[in-house]
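Protein chains in written order, with our numbering: chain A, 305 to 602; chain B, 305 to 602; chain C, 305 to 602; chain D, 305 to 602.
Number of protein chains: 4
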Amino acid sequence: MFKLHGIYAPIATPFAGGEIAYDKLGKNLDFWLGSDLEGIVVMGSNGEFVLLSSGEKEELMKFVCARAKGKKPVIAGTGAESTTETIRLNAKAAEAGADAVLVVTPNYYKGSMTEPVLARFYTEVADQSPLPVILYNMPRNTGINISAKLALELARHPKIIGIKDSGGNIVQIADMIRNAPEGFCVFAGSASFLYASLALGATGGTLALANVFPNECSRVQSLFEAGKLGEARDLQMALIDSNNAVTARWGIPGLKVAMEMIGLYGGDPRPPLVPLKEADREDLRKVLAKTGFLPKAS
Amino acid sequence: MFKLHGIYAPIATPFAGGEIAYDKLGKNLDFWLGSDLEGIVVMGSNGEFVLLSSGEKEELMKFVCARAKGKKPVIAGTGAESTTETIRLNAKAAEAGADAVLVVTPNYYKGSMTEPVLARFYTEVADQSPLPVILYNMPRNTGINISAKLALELARHPKIIGIKDSGGNIVQIADMIRNAPEGFCVFAGSASFLYASLALGATGGTLALANVFPNECSRVQSLFEAGKLGEARDLQMALIDSNNAVTARWGIPGLKVAMEMIGLYGGDPRPPLVPLKEADREDLRKVLAKTGFLPKAS
Amino acid sequence: MFKLHGIYAPIATPFAGGEIAYDKLGKNLDFWLGSDLEGIVVMGSNGEFVLLSSGEKEELMKFVCARAKGKKPVIAGTGAESTTETIRLNAKAAEAGADAVLVVTPNYYKGSMTEPVLARFYTEVADQSPLPVILYNMPRNTGINISAKLALELARHPKIIGIKDSGGNIVQIADMIRNAPEGFCVFAGSASFLYASLALGATGGTLALANVFPNECSRVQSLFEAGKLGEARDLQMALIDSNNAVTARWGIPGLKVAMEMIGLYGGDPRPPLVPLKEADREDLRKVLAKTGFLPKAS
Amino acid sequence: MFKLHGIYAPIATPFAGGEIAYDKLGKNLDFWLGSDLEGIVVMGSNGEFVLLSSGEKEELMKFVCARAKGKKPVIAGTGAESTTETIRLNAKAAEAGADAVLVVTPNYYKGSMTEPVLARFYTEVADQSPLPVILYNMPRNTGINISAKLALELARHPKIIGIKDSGGNIVQIADMIRNAPEGFCVFAGSASFLYASLALGATGGTLALANVFPNECSRVQSLFEAGKLGEARDLQMALIDSNNAVTARWGIPGLKVAMEMIGLYGGDPRPPLVPLKEADREDLRKVLAKTGFLPKAS
């Protein structure tokens, strides 16, 4: 069965003229599929999944899975507000050839998303999922936290194989890891706390920054696993500012500009997201350049 | 031009067998359209709009507008995460015959929804809207607040005619009212602060509780406007517990059960929302009964 | 027995050379005691009570009560983190001649300040208080909210006569008012929601802004009680910006500068609070001047 | 100069009959001073410092420093709302023979505690402090966060030698560590994230749990420094539940009961804190017993 391990990039969705730019995406995929990454996440938060129509989601999964086939595993973000739509997208992800699905918490009706309601949601989704299910905890965007208690309760479901925790509460991450049943893996949801998570027993991460620095992000984990802790830690430290720049500070617009700085296609995000301002682009370049990881020519 | 005034019910969407139950909805509409309500809001938060597909939204608007035609105005909730989808739904609302659109803040990318970004979103939406646009501030669900400053900036747009403020910050509501340009109206978004909002100059409200007690909610405003402040205030006080029961405490599942208690069709909400438990139904009945407003037979 | 009614000023504590400037305070008191205010609150949040030593608190209460004697009632802020210290200060307030005490929630150990713990705290304090006790809800400073449920439970204690609610949650204020036992009064804790609170049945308020505009603040209530609602509402609206300036925006340093603008002694706050910058003073003057309530010469 | 390294216990203050029980404290100190702990913190949050009078604080520092002299270093918690009082207590700490002072952020006037105001506070305090100053970041109690940016700005002050960060934001901790100037140390403020902090370069911690399990807490660090990472991590994991029990879950009352379970004197906390209920004591014993670290006889 599919097992969560290593570094995944939650890939950006490129647009041109308002539509998904598949030719550009193909070239970007060539880069990521040829990198040290373990795999690809399509339609994660950084993939602007909430800005895609149902039809676009199906088409996008098909395209990415076809390109990645035989090269790297693909995890598809299929979480939706409605249980039915999530289940439907899971079936489509399986048809497309994805290896697992990543399911964010429904979040508009926050007040009603109690732990029992979330437990029921994930159980119904997992019961009907043809693919392994990964919980997706993203409190910054959803306003909801999947507690260690809830995650561990759901971890007993045979289809639920892990959690991507983007909350960054290191005690919660430790709680999940130490009480996880065999086979349930915890993934760091951001490059900023990757090393600390690995130190506690996380098996990898899904990192926005891995769109831009896939090999460097992967090296944090390979150094850690080789016992080269000092080097791993130093590399982690070197990545924090860049990570902050393409997440909290400038978000998806920043991520897309950063991708252009390494030679990928970035393009504009879908509205209401707005392209980065010129001055911010310059600041972003400086932050990235400080790492020394940008290609020479850029 | 359409002007925001009076009490609107943000109607619940009835489901049967997982699908929209149009026959039941028709009967519910007969009740609301024959009540003292000023109008109807379709696909508000209480209408489970985030759980409907794009196709269902179009169909639902058509059905409700056709039934309401010549009887009461209809406001359609068309806000979506994507600007394009919001604009598309606004066009469909106009085709269906709605009188105005209610547009919630995009909210998944909270960190990116700064005031300038929200200003741009609403401006683009209003520029292309065939119908008057009402801002929808719903911080409890979205994690985002439309500040008085932002609302007043947008109030200068000729198509933006008001705001439904469900946040309940009475100072913010006062700020909007006292600085609003001619023709921009402020609507209370909950029965719990309707009277206080009217006292400050709000022109009405869109109230979940108006699904259940449309005449009583409307009477708060008519008493207020007739200068019978003591009676208006007493009625307001009598509605607070019921309002809390069908909003914060039991949410949409509670609202649907409350509707059944006055003889309407409620039915189950769409998953992940779960039906009310038996014990909670009893508690809810007691809360509603205490008002003395339930029909005798129930 | 003492009854909460009308507008109180929570007076600023003037310092000169780091010490309480009693001569300046005396002159300020002449102004407030000669105004339309109902009474005075000494050692409220605006009185920098947490920056005073126990000895200073005793001395300050004595001074203010002696000056106010026979003129206006004095409420003394005696809340401290420790129950024992609160009880001790209540005894001193009685000795000094205060009419009632205002007791803020202990707040450093937020996680331990559950409703039962707060209920026990206030009950112990009230049991041993020689003076009527007023609950003080100040979530912005304490991070703790006294819920309507807790307030109403405590309202049954014969010594507990009311609450000053500075939280501004108008639904909570309505909840307290409609369920309050005879004799338990609700006071607005800020000029920004005074009118809305009065409309719901509050009996007055303790308002930072009343240090600066005592007569105007008092007139909101007298107009309201005379049934001149439009005028009361307009005056309320005119006070919002000034209130914001001397509370949320510039805090105590702003309040002290505003006092200087009407001819009182303001002086510097105690460190760590810092005096207002020159540019902010100018902005503050403009905000206050816009009301038209500043004395002509200033 | 004094350097922050190793595990410190922020010792509980024992009371009997409402007064500090110095005889009990003496015996408790014998235990801690004979343990593997690096040192002692007197009047930290767990020492109920906000419930002590100024006089008690001076006396308590003297007593603890006299007992610890020649055995282990003592850090004194001297933070107060007022700058002047903090400076005064720092002088008293030096007289008493403390090695450093721990200064929490003033926090009642949260809205005024901007970064420049906090910077000025700490600079004034450090300028006049005869002892090295340690910043104390305790957002759970204060509602205020000392950002990495502010900490690093203050780290340039020659008297400011480190920070105890109890917030547990591991990215913030990483940020401080990687940019800290030579000699500025970062201390974990809770046993729950000690290992993760050490992995990133923290030099130790001040841990409530070290009152109860001083040797086990110290062993996490000694194992880590000896390169026995697996053992250190396992021990960390074993301590999480106990730590949660004596911090977030049952707070100081729980800590005092836990102390009794290892043969120390606990006693009741000062009101408004309330003693643990009997049922909670049993639950706490189970949590602690699960570690296997309780003494056999208990």
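The C-beta atom is built at its ideal place from N, Cα and C for all residues, glycine as well. None of the values given here were measured: they were computed from a predicted structure.
Alpha carbon to alpha carbon, what distance is there between residue j and residue i?
i, j, result
"S602 of chain D", "S526 of chain D", "The predicted model places S602 of chain D with a pLDDT of 47, which falls under 50 and marks its position as unreliable; any figure quoted below should be read in that light. If you take the alpha carbons of S602 of chain D and S526 of chain D, they lie about 27 Å apart."
"K468 of chain C", "A549 of chain B", "27 Å"
"L454 of chain A", "R371 of chain A", "35 Å"
"A503 of chain C", "F528 of chain B", "11 Å"
"A380 of chain B", "E389 of chain B", "14 Å"
"T483 of chain B", "S496 of chain C", "Note that residue 483 of chain B corresponds to Asn in the displayed sequence, not to Thr. Roughly 15 Å separates the two Cα atoms."
"P573 of chain C", "F319 of chain C", "7 Å"
"P410 of chain A", "A404 of chain C", "50 Å"
"A478 of chain C", "L533 of chain B", "15 Å"
"A397 of chain A", "E362 of chain A", "7 Å"
"L439 of chain D", "L356 of chain D", "21 Å"
"G466 of chain C", "Y413 of chain B", "43 Å"
"E564 of chain A", "G348 of chain A", "20 Å"
"L577 of chain C", "V421 of chain D", "7 Å"
"E342 of chain C", "E352 of chain C", "22 Å"
"A395 of chain B", "M442 of chain B", "23 Å"
"L393 of chain C", "R537 of chain A", "54 Å"
"L457 of chain B", "L580 of chain C", "According to the sequence provided, residue 457 of chain B is Glu. The question's Leu does not apply to it. Cα to Cα, the separation comes out at about 29 Å."
"V346 of chain B", "E399 of chain B", "15 Å"
"I450 of chain C", "G471 of chain C", "9 Å"
Per DSSP, residue i is paired with what?
i, result
"K606 of chain C", "Because chain C spans 305 through 602 in this model, residue 606 of chain C falls outside it and cannot be assessed."
"V405 of chain A", "A:A380 and A:V437"
"N473 of chain A", "D:N473"
"V345 of chain A", "A:P314 and A:I379"
"T510 of chain A", "A:Y312"
"C489 of chain D", "D:G466"
"E323 of chain A", "A:A320"
Residues in its own chain within less than 6 Å of residue i by CB, not counting five upstream and five downstream?
i, result
"A268 of chain B", "With chain B covering 305 to 602 only, the question about residue 268 of chain B has no answer from this structure."
"H309 of chain A", "T507 and G508"
"Q432 of chain B", "I391"
"I474 of chain A", "A500"
"A452 of chain C", "Q476, D479 and M480"
By Cβ distance below 7 Å, which residues in the same chain neighbour residue i in space, the five residues on each side in sequence not counted?
i, result
"T387 of chain B", "F425, E428 and V429"
"R460 of chain B", "P485"
"E520 of chain D", "L539, L543 and F597"
"S339 of chain A", "P518 and N519"
"I566 of chain D", "V516, L598, P599 and S602"
Check whether the Cβ of residue i sits closer than 7 Å to any heavy atom of the ligand GDP, and report yes or no.
i, result
"K307 of chain B", "In terms of ligand content, the structure shown is empty, and the ligand GDP therefore cannot be addressed."
Excluding the five sequence neighbours on either side, which residues of its own chain have a C-beta within less than 8 Å of the C-beta of residue i, listed in chain order?
i, result
"N350 of chain B", "P314, I315, A316, A512, N515, I556 and L559"
"A562 of chain B", "N515, V516, S546, A549, V550, G570, L588 and L592"
"E360 of chain D", "I324"
"L333 of chain C", "I315, I344, V368, R371 and A372"
Less than 8 Å between CB atoms is the rule here; does residue i satisfy it with respect to chain F?
i, result
"I474 of chain C", "As a matter of chain content, chain F is missing from the structure shown, whose protein chains are A, B, C and D."
Report task. Pull out every residue of the stretch 421 to 433 of chain A whose Cβ sits closer than 8 Å to any Cβ of chain B, in chain order. Result -> Among the residues of the stretch 421 to 433 of chain A, those with a Cβ less than 8 Å away from any Cβ of chain B are V421, L422, R424, F425 and E428, in the order of the chain.
Query - Proximal residues, the stretch 496 to 511 of chain B versus chain C, C-beta separation under 8 Å - result: Within the stretch 496 to 511 of chain B, the qualifying residues are S496, F497, Y499, A500, A503, L504 and G505.
Query raised in the report: Would the stretch 323 to 332 of chain A and the stretch 355 to 375 of chain A be scored as touching if the rule is three or more Cβ pairs under 8 Å?
Result: Touching, per the Cβ criterion.
Report task. Report the residues of the stretch 571 to 584 of chain A with a CB closer than 8 Å to any CB of chain B, ordered along the chain. Result -> Taking 8 Å as the Cβ-Cβ cut-off against chain B, the residues of the stretch 571 to 584 of chain A that qualify are R574, P575, P576, L577 and V578.
Query raised in the report: Per the contact definition of three or more C-beta pairs closer than 8 Å, is the stretch 406 to 422 of chain C in contact with the stretch 442 to 461 of chain C?
Result: Inter-segment contact for the stretch 442 to 461 of chain C and the stretch 406 to 422 of chain C is present: three or more beta-carbon pairs are separated by less than 8 Å.
Query - Short-range partners of chain B found in the stretch 524 to 537 of chain C, where Cβ spacing is below 8 Å - result: Per Cβ criterion, the list reads L533 and R537.
**Report entry** Contact list for the stretch 545 to 568 of chain C against chain D, Cβ threshold 8 Å
**Finding:** Taking a C-beta cut-off of 8 Å against chain D, the contacting residues of the stretch 545 to 568 of chain C are A552, G555, I556 and P557, listed in chain order.
Query raised in the report: Relative to chain B, which residues along the stretch 396 to 425 of chain A have a C-beta separation below 7 Å, given in chain order?
Result: Taking 7 Å as the Cβ-Cβ cut-off against chain B, the residues of the stretch 396 to 425 of chain A that qualify are P410, Y412, Y413, K414, G415, S416, V421, R424 and F425.
Query raised in the report: Just by C-beta distance, which residues in the stretch 354 to 375 of chain C are closer than 9 Å to chain D?
Result: Residues of the stretch 354 to 375 of chain C with a Cβ closer than 9 Å to any Cβ of chain D, in chain order: V354, L355, L356, S357 and S358.
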